Each structure stands twice: as structure tokens, then as C-alpha cells.
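All the letters of the sequence shown, read from the start, carry residue numbers -37 to -1, 1 to 796 under mature numbering (1 follows the signal peptide of the UniProt record, and there is no 0).
Each residue gets a CB set at the ideal place from its N, CA and C atoms; glycine is no exception.
This one's a predicted model, so the numbers in the text were calculated from it and none came from an experiment.
What follows is a short report on a single structure.
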Amino acid sequence: MGPRGTGGRAGRAGAPAPGWTCLLPLLLCTALRSLRASPGSEVNLLDSRTVMGDLGWIAYPKNGWEEIGEVDENYAPIHTYQVCKVMEQNQNNWLLTSWISNEGASRIFIELKFTLRDCNSLPGGLGTCKETFNMYYFESDDEDGRNIKENQYIKIDTIAADESFTELDLGDRVMKLNTEVRDVGPLTKKGFYLAFQDVGACIALVSVRVYYKKCPSVIRNLARFPDTITGADSSQLLEVSGVCINHSVTEEAPKMHCSAEGEWLVPIGKCLCKAGYEEKNNTCQAPSPVSSVKKGKITKNSISLSWQEPDRPNGIILEYEIKYFEKDQETSYTIIKSKETAITADGLKPGAAYVFQIRARTAAGYGGFSRRFEFETSPVLAASSDQSQIPIIVVSVTVGVILLAVVIGFLLSGRRCGYSKAKQDPEEEKMHFHNGHIKLPGVRTYIDPHTYEDPNQAVHEFAKEIEASCITIERVIGAGEFGEVCSGRLKLQGKREFPVAIKTLKVGYTEKQRRDFLGEASIMGQFDHPNIIHLEGVVTKSKPVMIVTEYMENGSLDTFLKKNDGQFTVIQLVGMLRGIASGMKYLSDMGYVHRDLAARNILINSNLVCKVSDFGLSRVLEDDPEAAYTTRGGKIPIRWTAPEAIAFRKFTSASDVWSYGIVMWEVMSYGERPYWEMTNQDVIKAVEEGYRLPSPMDCPAALYQLMLDCWQKDRNSRPKFDEIVSMLDKLIRNPSSLKTLVNASSRVSNLLVEHSPVGSGAYRSVGEWLEAIKMGRYTEIFMENGYSSMDAVAQVTLEDLRRLGVTLVGHQKKIMNSLQEMKVQLVNGMVPL
């Protein structure tokens, strides 16, 4: 453009173009109604519709692009540009924008809305007419770069119209508006210019919007994540650290990943409310203190008190701390700790006033102290003489000596016999656990509820009792072993109503069934992690007996994946796997072995957060033909179970890692059944011989290798859950590592005989096979392309299917998985370690 680039501003607003083109602006109002506002994650750098004054754009030559004065549906002035030099040859009309600051974004988007006339509708069908125009850009740190030469601009793309209009359209006042979006990046300077080149089209540029994408500021897991501009690469994920909000502290450094589309993905870590605070509406407020204290028996040396649980406890109350002191002597006080809602303070002065304050402790720490409550001990009654005290003293000393002897004898007896865990003072054991439940490094441990002599004690220890009147059951969503599973709502005092899932115990239960039913709550109540299903509480004091948990909108993971086959990006699937691994790491650190980790036992919510569920089932290996585990919930197939757990009942975190590898396979195959229709005996035999499930279709090699690592026969060679979490984090931070897929030749064997899976009967032809898997529509295509026998079908790859025209992902998966299933029957379709 050189010296010529100093041409005047775009043509006079409102100037008509020659001939029929003057009608073009009259049609714009119809189209303008379709212009949309930019979404929240898009930040406009320029929107020609919103600029009230002069845009400052330059046209060269002056008689090329013309600015046309128009109004939108609200009669607000807008800027449009048109050019229609179709009657003249060798057109080279440029329209240059003013300098646009990129505001720090390295990748920007340009949205164009325009109309274009069909050349075939022009009189005489001019050979010089074009139906495209070109868009360019030039980077610059200041506003001095607009007058450079044309060849220094970088071409973005040639823009073509999906819809073009004709002279008939003009007569009918019909407008066909095109919308095209292009992106540019990475940008390295502070700003840029855009240029539009016409080479002989009849076009009206209705609007130009330039924007970048960002992940908007959000609070998640009690951490604030700032506005984050997306990266320069369309597949790049930016790791962003969150800052804990008020009254919360870091447990695991909170992080999220900003995708190129402006979405927050893969949350990692979280913040926790400080001691004395509880989480409510994604923020921390202190829980309410004990508000009601009643006095009980009072003597000259003691005061008995009782109180009610706080209206808004921060989780399960672990113990209470009672602080008291003699009135007006606050600097000298005594602390008593109690797990009950009643205590007796003794050793007090007769006839003295004492001040009491009480606070509760949960897993998050202590709440605030209650207001002060003042009570007096009884006064001393006057005696007639000092001699009257002598008999009392003698009796007291005698009783004391006797009690001391009894205590010493009891202790000596206990040392000789030894203490079993069940014989220990339950308060002592609970104290040990509660100390562990405070956030102290390396102390937190899982306690098996079966070690309690009274299982009901474990339930009330770890699960909060909920009044049945606080629960509204809305509908039945499933059936459990002990009764129905429902969705509903829970309204606790001082809290907003929220959705919950409710398991009910059916009428006519035995005491053993009741204990078994509530056993899961005793386990679940010990866990507190964003990837473990959260227990809200239990109902045991009325019927029906219930277990109330958080509500997971999308249900079980296997069913959810089957319903949404092929709908998620690899990063989203890895994010799900990362959440499951994080939950299992927590359980492993607690010393809990799940034993039944499978996609059916993972729940997923509306934010695609996965949470481990299904706790407390006892599993016994039975001598049945399929070698399945029998539980109170029915038989669990062994296809998720590690070899040593099958052979020797060796259930450890390492056997859970094996199961996690199967879950990985389920997720990447969108809910396929592991080992398909093979019997459990066939699975045991194949696994013992060293064969493993083949890679799911389109599975990244790094993920399949992790599956194989989880399926190491030597359990000591399998990765730990913390290593799995770390590995998945690295993959998430480096999405390019997920682009390398498993080679198709390593997924399926190159040998296939005319043999079908067990129980399905032999397929005598390709057509019969396709009909059996409900893919009969492709029979003719297979036959026409030479796949007329099952031997020939054996060589089919995913690329072949696409070439044959099988473009639907679900159909591709069904055909490929059927081939794998038949190969697995021969054990040739599985990959040896």
C-alpha cells in the first residue's frame, strides 16, 4: 500500500452505489436483528455496531469501499461498508481498520457478518465477478503501522459466503446474512490492524467484531480464580492457582485449568474453612455457638450442666470444650472436654458464683464460645462445734482408702489379662480417632465400625442425626438392596434448602439388616473429600430409617458415559479420571480399601465432578461356577478385581489400583463392559496367562500405558494413587502428550476366524454379523468394497470404516468393539504384558 495507503476515509456515509446496489442497505435492518451479544467469556476489543462516532477506517482507493449510514432495530446508528465493482476488471479495494489493542491476549477472534451477491444472478454473468474477499492483519506496538505496503500484511483467510442473494431476493426484501469467525495467534505485539481486500465481489460488510476469550473470575472450592485470558494455542490449557477466600486455608493447593474456549476445567485441590467456620454458599461463616445451657444438680462443691447441639454445627460434633472460672477471676480458668452434651464441674468453692462458656469442635476445628452462663454452688451449712466434723472426716478417709485399693486391684487385673480393642473404654478410643480427624499431618485414620461392640454407637459417632421433618422425598430414582433410593430436598435450620439423595430401609427389616444398612453411613461419615460422596446424615429415630447424601445429578458414571458416547474431549475424560484417582488417594491415605471400585460405583454431578461411592459392603469369595463375589447387594463380577484378591483374598490399596485401571478403560471406552461377554472363568484364565484388555478406540498411548501399569501382576509394581494423580496432572498440563494414540495394530490382532462370542452362535456371513449387532445398513457397503468374508473383515481398521462411509462415532465403536469381542474369545485380541 506504501505511499498510496494514505488514501482518504471510507466513502461518504449514505452515498448510493451505482445501479441496483443502492437497494442493498435498505435490506440490512432485517438482518441486524440476528446480531447477537457477546457471551460472558468473550471480551470485545472492537464491535463496529457499538461505536457511536467515526470508526476512523480508511479505504483505498476512495471510490472502492463505501461507508453506508444505517440504523439498527432500535434506530441507533451503525457502520456498514459495501463495495460492488463487478462491472470493472482488476479490482483491488482495501479497507483498513484503526489500531486495535489486544489487551494482553495472544489469540484473538474476528467475527464478520456480511451479505454477498451471487455472480450468476448478475446481468450477462460477468466473468470478472468474484464471490469471496480476503482478510489480513498486521501487528504493531503503536498506531504508526497502518500505512505500510500491502505485501507486509499477513493473510488470515479468504472469506466465502454460505448464503448469497440474487436480484429476486432484492425484490422480496429477503436478506441472507453470513457469519464467519476466524482466529489469529500467537500475537506478540501490543496491537494490530485488520484489512479487508475486495477483488471484484458485490459485498456489504454489516459488522466486524474482534474479541478474545477468557475464563471469567470464579470462586470454586472456597478459592478465587481470577479472570484469565486463554492461551495462544487452540489446545492449550493454562494452569491457574486459586487464592483461598476469607476464613479459609489451603488443604491441597487449589488449581484449575483455563481452556482455549474460556472454560474452567479439571479442578484440583481445595481450601477448607478455618477452625470455627463452616462452608455455606461457597464461603466461610462461623457456625452458631451453643445457645441454650441448663443447670442440673448443684451441690456445695459441684455444678451439673446440660445443653443442646448448636443450631448450625460445622459437620459432626466431635466434642465440646467447657471453659469455667470463678466470677471476677477470669484469668484463672479450667477447661473440661466432653463428648456428651452434659458435664459436672466439681472441686468448686461452696457458695461461689461461676461463669461457664461452651464451644463445639468438628473436623474443621472449634467454633466460637457461647455467651456466658452464671451459676452458684450451694452454701456451707454452719456446724454447732468443730467436734461435729471429726466423724465425717474419719468416714471420708476410710472410704477413700477403700476406693483406692479397689482401683489399684482393677488396674493390676487389667494388666495381667490385657485389653482387647473391644474391651477398651470407648471414650478413649473415640478420643484417639477424633484427634486424628483434626487436620494434623499423618494422624488421620479410618476406623472400622465393626470394631465397636455396639454398631449403633458407630453410627451416632460418625453420622449426624437428621429430623425426618427436614426431609422432603420427591421421587424414586432407583432401588437399593435394602429399599428404595429417592431424590428429595433437605432443609436444615439456618441453611438454605438443597437437593439430596435418600436411601430408605424397607419395612419389616431385621435388626441385622438395620445394622448392615447403617454400616455404610458409619464409613461414609468418616470421609471428607471433594471426590468422595458426602454424607449429610441419617434418620434413625423414626421410620423409615434413611441415609441422606449429596445429590449427584448425572447418576452413575457408566450409565452417564453410555448416554453421552463420544461427546467429551480427551481432557474432560482425563479430568474425570483425575477426580476418581484423587478420591482414591484420600481413601488410601486414610487406610481404607474400597474393594469394589468400578464405574457403576462412581457418581457424577452436573459439573462433571466424579465422586467415589458405595462403601461398606462385605465381600466373600464363593465356590460358584463364575467365581464371583457374593455380597449383601448381590454378586459382583470379578472382572474388576486384582488376581491376588481373587486367589488369596488379598485386598489392599494395590488391588484398588488394579480396579482403577479397569475404570480407566471403562471411561475411555464410554462405558463398555470390561471383557465384553466373556465368562468370569475365561477372564480369570486370560488374566493369569498374562493377557490384558486392548486399548479403547482413540485412546491416548499415555493413558493406555497407565492402564497396563495398573494391571501389573506383581502388586508391588503397580503405581500408588498419589503417583497416578501426579501423572494425570502432568498430562493435563501438557495436552499435546495426549495426541499420540495407540497404534491400531496393537489394539486388535490380525487373525479372525468365523467364530463368535460365547453364547451368540457362529456368524455364517458378514451380513449376518452386521445384522446381529444392528449395523445391517452397512452390509452392501462392506460387500461392494471386498469385505465379503469374516476373514476379510478381520483386517478392518478404524481408518477403513471412515473410508467406507461409517462416519458416526457410535457406529464405528460398535463395529470395532464387536470385532475385538470376537478376537478376545480366542485370547488373540488382548495385549500381553
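Note that the C-beta distance between Val422 and Phe319 is not below 8 Å.
Per DSSP, reduced to three states, the secondary structure at Asp17 is coil, with no helix or strand assignment.
Annotation for Asn141: the continuous beta strand (DSSP E) segment containing it runs Asn141 to Val147.
Inclusion of Ala323 and Val253 in the CB contact set at 8 Å is warranted, their separation being smaller than that value. Remark: C-beta atoms of Leu694 and Leu701 approach each other more closely than 8 Å.
Under the DSSP assignment, His423 falls in the alpha helix (DSSP H) whose first and last residues are Pro418 to Phe425. Per DSSP, reduced to three states, the secondary structure at Ala562 is helical. Of the residues assessed, Arg558 falls on the buried side of the cut-off, its CB having 16 or more other CB atoms within 10 angstroms.
Counted as a single uninterrupted DSSP element, the beta strand (DSSP E) harbouring Thr78 occupies residues Ile71 to Leu79. In the displayed model, Met98 falls within a strand according to three-state DSSP.
The C-beta distance from Val49 to Lys177 rounds to 41 Å, too long to fall under 8 Å, and the pair is not in contact. Where Asp528 is concerned, there is no enclosing beta strand (DSSP E), because DSSP gives it neither an H nor an E. Distances from the CA of Thr325 to each of Asn419, Lys302, Arg541 and Phe336 were compared; the closest alpha carbon is that of Lys302.
Under the DSSP assignment, Tyr623 falls in the alpha helix (DSSP H) whose first and last residues are Ser616 to Met631.
By the beta-carbon neighbour count (other beta carbons within 10 angstroms, threshold 16), Leu771 is exposed. With contacts defined by Cβ atoms closer than 8 Å, Gly529 and Tyr633 form a contacting pair. Contact annotation, Ile434 with Gly451: C-beta distance approximately 6 Å; criterion of less than 8 Å satisfied.
By the beta-carbon neighbour count (other beta carbons within 10 angstroms, threshold 16), Tyr156 is buried. Look at Asp754 here: in three-state DSSP terms it is helix. Taking C-beta separations shorter than 8 Å and ignoring five residues to either side along the sequence, the partners of Tyr750 in its chain run Val729, Val756 and Val759, following chain order.
Per DSSP, Tyr174 is one residue of the beta strand (DSSP E) stretching across Cys165 to Cys178.
For Thr408, the secondary structure class from DSSP, reduced to helix, strand or coil, is coil.
Take Gly163, set aside five residues on each side of it, and the residues of its chain with a beta-carbon closer than 7 Å to its own are Lys48, Val49, Gln54, Thr91, Cys92 and Lys93, in chain order.
Arg602 sits away from Val575, with the two beta carbons spaced by 8 Å or more. Apart from sequence neighbours up to five positions away, the residues of its chain that approach Val463 with a beta-carbon distance below 8 Å are Ile434, Ser450, Gly451, Arg452, Leu453, Glu499, Val511, Thr512, Glu513 and Tyr514, ordered along the chain.
Of the residues Asp81, Asp552 and Gly538, the one whose Cα lies closest to the Cα of Asn570 is Gly538. Of Arg459, Pro659 and Lys312, the smallest CA-CA separation from Glu635 is found for Pro659.
Note: Phe336 is bridge-paired with Phe319 in the DSSP secondary-structure output.
One alpha carbon belongs to Ala562, the other to Val630, and they sit about 8 Å apart. Cys207 sits in a strand when the DSSP states are folded into three classes.
Contact annotation: Ala308 and Ile299 have beta-carbon atoms nearer than 8 Å.
Beta-bridge partners of Pro462 (DSSP): Arg452.
Residue range Val181 to Arg183 is occupied by the beta strand (DSSP E) that includes Ile182, with no alpha helix (DSSP H) assigned at that position. According to DSSP, Pro663 shares a beta bridge with Leu704. The three-state secondary structure of Gln775, taken from DSSP, is helix. Just measuring C-alpha positions, the residue of Arg438, Cys234, Ile744 and Cys673 sitting nearest Cys207 is Cys234.
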